[in-house]
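Data block below; observations after.
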Amino acid sequence: MATLKVPSSVPPAEEDSEQLRKAFAGNKLMENNEALIIQILAHRNAAQLKLIRETYAATYGEDLLKDLDSELWSDFQRALLLWTLDPTERDAYLVNEANKQLTSSNWVIMEIACTRSSNDLFLVRKEYHARYKRSLEEDVAYHTTGDYRKLLVPLVSAFRYEGDEVNMMLAKSEAKILHEKICDKAYNHEEVIRILTTRSKAQINATLNQYNSQFGNAINKDLKSDPKDDYLSLLRATIKCLTRPEKYFEKTLRLAINKLGKDEWALTRVVVTQAEVNMQCIKEEYHKRNSVPLERAIAGDTSGDYENLLLALIGHEDA
Amino acid sequence: MAVSDELGALTRAFSGLGVDEKALISILGKWHPEQRQTYRKGTRDFFIEDERQFERWDDYHVIQLQHEFLRFKHAIVLWTMHPWERDARLLKEALHKGPQHKVLVEVACTRLSDELLGARKAYHSLFDQSVEEDVAFGIRGPERKLLVALVSSYRYEGTKVNEGIAKSEAKFLSSAIKGAAGNKNLLENEEVVRIVATRSKPHLTLVYNHYKEITGNYLDEDLEGELYLQETVQCLCKPQEYFSKVLDASMRPDVDELKKEAVTRIIVTRADVDMKLLKQEYNHKYGVSLPNKIEDVANGNYRDFLLTLVARGD
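One line per chain: the protein sequences are A and B, in this order. Following the working numbering, the residues of the first sequence are numbered contiguously, the last one being 343. Following the working numbering, the residues of the second sequence are numbered contiguously, the last one being 318.
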């Protein structure tokens, strides 16, 4: 469920647009205008944001996000920018950015590929064509190697069936296959990749339940043989994203807030991409796991406008 | 018509693709029992002498005849189908009927990106599974990775290409092919698969051209014998040539049923796409016009239907 809070009566896009123009005046974000920007943008949904952007462009002849590709050194600016992008554009932007980076980029690609719906992922691929004049999969393939490529290219190319039907016999036999390969430490085996990158989420869920029943351990426990192995971590995260995304996002947030992960933009990314999707669930998960509400954790880790924007997006009152 | 002429006409009515319904009606329809018996006794191909003294239809030929009678129906149904459903069913058949994995390459590589997406959506509806999970599960050989990648592709379709990268990828392919030197294991080469499975068609055309400049040879010819890679490159870079080849091979006498079905498949799926170019290519390659060839090898309603579709390119 979304945490985004939109006022019950939303001003017309022209009014929002005018206010934002004033706040952005002079191409620099003035100190006291950032609160106004948050007040507007952090309380509009994707459709409303789109309308505001269109109105702004029609009225002032420039894109609200004209600073899109410039150096964004402020967490606040980056979060604002990502938030104001249309979700499909945002995901395409994140994947493209990930392709250019060296570290933690694989995680972003995996996260987007596994937690979006089949249709949404395809919309991202379409948007990627329009924006970057190449296909998403060709860029991911070109910028990855070895086991990462073996896993990520099929993940971003998948168009998983989304029904609930499950074939129990198949689940049993594929659980066996997974167990076999894991025992052989063949974590990059074709069959492991095949099962995780092509089966529907419902089918994978059933397979992993079978794995647990037949072999006594949850699959991710068996995949913990080498805590330093980055590929194995990615594999475990893939499985989590496909079956329990809210748990994956909770952990990602936890590591980011405690500065334990290598993923410096994880906090921004998770809050912005999930605010309208699943943040309520993630908040509950976070509270359960950490005994402290997410709002408090974010407030403790961030400050200023960045903090205010994040808190607004996760539904914190009077932000 | 003299009897021998009638027999000749009847034989022709039953041979080739489809049946000549009019001839069958006008000849068989008026034959008395004795004439039909003469026909049975004289046509050893279709009828065998049963031990209890009667001429019996040969089972194998009845099945053959069934295919020929149904060829028109199959063409109509395929033609009327939504292209998404049609391609989804073709993909499914390619996996299970035969199997004919090359048809997977054909469908995946000759459709536009959004058409392939549509086929994948229809596949969900029709079969409650994704095409990639079926392909991955149903294929065990070294071609699995290539085929899964091909059906999963969503190639960029704009004209923007990167000359530098195309050159280096052409160079890479040239050394990879030399290195493989007839070992037929290019399918295991991840980079080769990456290039053919993810790059856009305009980009690959550039690669194809650079390859010719570098090596003096055509990329698809150098891939002769490489399972599926040759078809992949042909479908992506020279589809009309590919289709002409397959059509011609399917129209030869005495090919099996699966091969014959290619005629319907290709004509129906290309009629609205590039039939004009296909006809030109066919003529250029084989020295005979496609309509004339079809007149030769096909009969009746089936023939007339094919000719109507083929004429759409004019």
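Cβ coordinates follow ideal geometry from the N, Cα and C atoms, glycine included.
Per-residue DSSP class, three states only, for D54 of chain B:
strand
For G102 of chain B, collect the residues of the same chain with a Cβ closer than 6 Å to its Cβ; drop the 5 residues on either side in sequence, then sort them by chain order. L262
Quick one: complete alpha helix (DSSP H) runs, 4+ long, within the stretch 82-123 of chain A?
-> 99-108
Discussion item. Just to confirm, is the Cβ distance from S224 of chain A to G285 of chain A under 8 Å?
Written reply: no
Quick check: the Cα distance between W83 of chain B and L313 of chain B, rounded to an integer number of angstroms? 9 Å
Let me know the alpha helix (DSSP H) ranges lying completely inside the stretch 284-320 of chain A, each 4 residues or longer, listed in chain order. 290-298, 303-314
### Task
Give the residues of chain A in contact with R159 of chain B, contact being defined as C-beta atoms less than 7 Å apart.
S159
Can you round the beta-carbon distance between Y64 of chain B and L150 of chain B to whole angstroms, since I take them to be within the 8 Å contact cut?
Actually they do not touch by this definition, with Cβ atoms about 36 Å apart.
Original post:
Using the beta-carbon of each residue, which ones in chain A are nearer than 9 Å to V152 of chain B?
Top reply: P178, S181, R218, T221, T222
inquiry  = When you compare the stretch 66-82 of chain A with the stretch 32-42 of chain A, are there three or more beta-carbon pairs, one atom per stretch, that lie closer than 8 Å?
reply    = yes
Within chain A, partners of L121 of chain B - CB distance below 8 Å | F146, F183
_Secondary structure of R203 of chain B, DSSP reduced to three states_ = coil
Integer-rounded CB distance, given that V164 of chain A should sit under 8 Å from V180 of chain A:
5 Å
Should the stretch 80-96 of chain B be called in touch with the stretch 119-127 of chain B, which here means at least 3 C-beta pairs below 8 Å?
yes
**Asked** How long is the line joining the alpha carbons of L281 of chain B and K205 of chain B, rounded to whole angstroms?
**Response** 17 Å
(Q) Using a Cβ-Cβ cutoff of 9 Å, what residues of the stretch 162-173 of chain A are near chain B? List them in chain order. (A) E162, D163, V164, A165, Y166, T169, G170, R173
Residue-level contact to chain A via CB, S172 of chain B, 8 Å cutoff: no
*asked:* For P178 of chain A, count the other beta carbons within 10 Å of its own beta carbon; 16 or more makes it buried, fewer makes it exposed. Which is it?
replied: buried
>> Let me confirm a value: A82 of chain A is counted as buried when at least 16 other C-beta atoms fall within 10 Å, else exposed. Which label applies?
In response: exposed
Subject >> Boundaries (first-last residue) of the alpha helix (DSSP H) holding G328 of chain A >> reply: 328-337
| task | Determine the chain B residues that contact R149 of chain A at a beta-carbon separation under 8 Å, and present them in chain order. | result | Y158
**OP:** Starting from the beta carbon of E189 of chain A, find every residue of chain B whose beta carbon is closer than 8 Å, and list them in chain order.
**Re:** D132
- Can you list the residues of chain A that T202 of chain B reaches, using a CB-CB cut of under 7 Å? S159, E161, E162, A165
**C-alpha distance - A116 of chain A paired with R307 of chain B, whole-angstrom precision** = 49 Å
At a cut-off of 7 Å, is R93 of chain B close to the ligand ADP when judged by its beta-carbon and the heavy atoms of the ligand? This structure does not include the ligand ADP; it has no bound ligands of any sort.
Discussion item. Quick check on DSSP: helix, strand or coil for A302 of chain B?
Written reply: strand
**Asked** Do we get a CB-CB distance below 8 Å when we pair R198 of chain B with the residues of chain A?
**Response** yes
Would you say Y153 of chain A faces chain B, with C-beta separation under 8 Å as the test? The question names Tyr, but residue 153 of chain A in the sequence shown is His. Yes, contact with chain B.
In chain order, what residues of the same chain have a beta carbon less than 7 Å from the beta carbon of H213 of chain A, not counting five sequence neighbours either side? K205
> Whose C-beta lies closer than 8 Å to the C-beta of H311 of chain A among residues of the same chain, with five residues either side of it excluded?
Replying inline: P317, L318
Coil, strand or helix - E151 of chain A by DSSP: helix
If we define contact as Cβ-Cβ less than 8 Å, is R124 of chain B a contact residue for chain A? yes
Apart from the five residues on each side of it in sequence, which residues of its chain come closer than 8 Å, Cβ to Cβ, to P146 of chain B?
N189, L191, E192, L231
query = So, is the C-beta of G162 of chain B closer than 8 Å to a C-beta in chain A?
reply = yes
message: Can you check whether the C-beta of N51 of chain A is within less than 8 Å of a C-beta belonging to chain B?
response: Confidence is the limiting factor: at N51 of chain A the pLDDT is only 49, short of 50, which leaves the residue's position unreliable, though a coordinate-based value still follows. So no, N51 of chain A is outside the interface.
Exercise for review: Quick one: using the 10 Å Cβ neighbour count with 16 as the cut-off for buried, is N51 of chain A buried or exposed?
Suggested key: Model confidence at N51 of chain A stands at a pLDDT of 49, short of 50, so the residue's coordinates are unreliable; what they give is reported in the following sentence. Exposed.
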